[in-house]
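Below is one structure, written out as structure tokens; the observations come after it.
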Amino acid sequence: MLDPKDKKRIQINGLSLAYHDIGSGDPIVFLHGNPASSFIWRNLIPYAQPYGRCIAPDLIGMGDSDKIPDSNANSYTFAQNREFLDGFFDALGLNERVTLVVHDWGSSLGFDWARRHPEAIKGIIHMEALIAPIEWEDMPEAARPRFRAVRSEQGEELVLKQNIFIEQSIVKGTLRPFSDAEMAEYRRPFLEAGEGRRPMLTWPRQIPIAGEPADVVEVFEQYGAWLAQSEVPKLYVRAEPGTHAPKLIAQVRSWPNQTEIAVKGIHYPQEDSPDEVGAAIATWFDGLAA
């Protein structure tokens, strides 16, 4: 298991980003989503490590990376996260033969980076990704009330105080129960109520639903168009039952040069089916080398 004490740190825009950096070779960059950290990749990195240098950052304000000072409702936007992640890639010299392993908001950040740096991409592995702008009916029915609430004035109470993304969402998004140690690690970056939990609130408010926020809609449309024509090798890890509406699955399946596998999972297949996902990653990498 990855030990948080083994993380490295690098200064980006005056703040410290924490990351795991294991092995050597072509870079394999793991990008987590909300409300996770690099911890979510702990069971997949051993499968990928024979194929390259495994790098798993904690997004700004999450995991062991610094919080943004004096944060508020305008902090931790997609644009701000992109700025920090761009700085991270530049600082580590990740500019050729990069494989992205992405999930949730990490997929959106990763797809956007790949669109802007197509010459640097070796391949993309994605699971429970953010595919396209959606309408409310595209979201799983059980999740809609929670997301409507956090995008309203109730959000500060639910996330900054009640911590529902840790205490409810990640649990409901996983088929198996978490151990006490696993829950302790997911909770650890967000133990203190208040602005330290702001990333978990901004992220659901950035989901492009019914045309808002417009700037994120544009980003999704841009990388969606690129993915629809890019011949970059892709591995689609489809969770069953998953959270994708049928039209999103159909859109993903239209992407060229893609292998698809199905594993048990709701929104966190890394937690529900780590060995199956890991084995698929190894098989996919073997196919690239063939």
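Per my numbering: the sequence shown = residues 583 to 872. Think of the CB as a built atom: it goes at the ideal place given N, C-alpha and C, for glycine as much as any other residue.
Nearest-angstrom Cα separation, counted from residue j out to residue i
{"i": "residue 663", "j": "residue 584", "result": "24 Å"}
{"i": "residue 648", "j": "residue 599", "result": "6 Å"}
{"i": "residue 651", "j": "residue 793", "result": "30 Å"}
{"i": "residue 824", "j": "residue 847", "result": "6 Å"}
{"i": "residue 852", "j": "residue 777", "result": "28 Å"}
{"i": "residue 803", "j": "residue 637", "result": "27 Å"}
{"i": "residue 719", "j": "residue 798", "result": "19 Å"}
{"i": "residue 871", "j": "residue 817", "result": "14 Å"}
{"i": "residue 606", "j": "residue 635", "result": "4 Å"}
{"i": "residue 771", "j": "residue 694", "result": "26 Å"}
{"i": "residue 699", "j": "residue 728", "result": "35 Å"}
Reference residue i, options the options, closest by Cα
{"i": "residue 590", "options": "607, 645 and 618", "result": "645"}
{"i": "residue 617", "options": "673, 803, 741 and 707", "result": "741"}
{"i": "residue 856", "options": "602, 623 and 842", "result": "623"}
{"i": "residue 791", "options": "620, 726, 700 and 696", "result": "726"}
{"i": "residue 813", "options": "839, 827, 807 and 800", "result": "839"}
{"i": "residue 602", "options": "754, 619 and 608", "result": "619"}
{"i": "residue 717", "options": "767, 795, 768 and 686", "result": "795"}
{"i": "residue 743", "options": "760, 708, 779 and 735", "result": "779"}
Unbroken alpha helix (DSSP H) run spanning residue i, endpoints
{"i": "residue 825", "result": "Premise fails: residue 825 is in no alpha helix (DSSP H) and is neither H nor E."}
{"i": "residue 619", "result": "That residue, residue 619, is in no alpha helix (DSSP H); it is neither H nor E in DSSP."}
{"i": "residue 721", "result": "Residue 721 -> no alpha helix (DSSP H), and no H or E assigned at all."}
{"i": "residue 665", "result": "660-674"}
{"i": "residue 782", "result": "780-788"}
{"i": "residue 709", "result": "Element bounds for residue 709: not the alpha helix (DSSP H) but the beta strand (DSSP E), 703-711."}
{"i": "residue 809", "result": "796-809"}
Cβ-Cβ separation, residue j to residue i (assumed contact under 8 Å), whole Å
{"i": "residue 809", "j": "residue 837", "result": "5 Å"}
{"i": "residue 580", "j": "residue 773", "result": "With the chain represented from 583 up to 872, any question about residue 580 goes unanswered, as that position is not in the structure."}
{"i": "residue 669", "j": "residue 594", "result": "4 Å"}
{"i": "residue 660", "j": "residue 788", "result": "5 Å"}
{"i": "residue 712", "j": "residue 690", "result": "4 Å"}
{"i": "residue 680", "j": "residue 702", "result": "5 Å"}
{"i": "residue 642", "j": "residue 597", "result": "7 Å"}
Own chain residues within Cβ distance below 8 Å of residue i, not counting five before or after
{"i": "residue 864", "result": "629, 630, 632 and 633"}
{"i": "residue 845", "result": "819, 820, 821, 822, 851, 854, 855, 858, 859 and 862"}
Continuous beta strand (DSSP E) stretch holding residue i: start and end
{"i": "residue 577", "result": "Residue 577 is absent from the structure shown; the chain starts at 583 and stops at 872."}
{"i": "residue 601", "result": "597-604"}
{"i": "residue 681", "result": "680-686"}
{"i": "residue 853", "result": "Counting along the chain, residue 853 falls outside any beta strand (DSSP E), though it belongs to the alpha helix (DSSP H) covering 851-854."}
{"i": "residue 844", "result": "840-847"}
Proximal residues to residue i (C-beta, below 7 Å), its chain only, five neighbours per side dropped
{"i": "residue 747", "result": "616, 617, 741 and 782"}
Residues near residue i by beta carbon distance below 6 Å, same chain, minus five either side
{"i": "residue 806", "result": "714"}
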